[in-house]
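In our numbering, the protein residues as written are 103 to 162. For every residue, glycine included, the Cβ atom is placed at its ideal position computed from N, Cα and C. Just below is one structure, and these are the notes that go with it.
If you want it as structure tokens, here you go:
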């Protein structure tokens, strides 16, 4: 039962990291809002989609 809590915490950390990176990206505001809503509403799928398809921060 405790593993569900660990997985939930890892998903939370991943989503917060994704949202921070979304706001640091050079994408326009509308795309940032769209990606943020997607990550918040669909935490796991939204994170995976953002990781492969979302805006990049421009940092090396």
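In the three-state DSSP reduction, residue 114 falls in the helix class (H, G or I). Residue 156 carries a coil assignment under DSSP once its states are collapsed to helix, strand and coil. Classified as buried, residue 152 has 16 or more neighbouring CB atoms from the shown chains inside 10 Å of its CB.
Here the alpha carbon of residue 132 sits roughly 38 Å from the alpha carbon of residue 104. A Cβ-Cβ separation of about 5 Å places residue 134 in contact with residue 124 under the 8 Å criterion.
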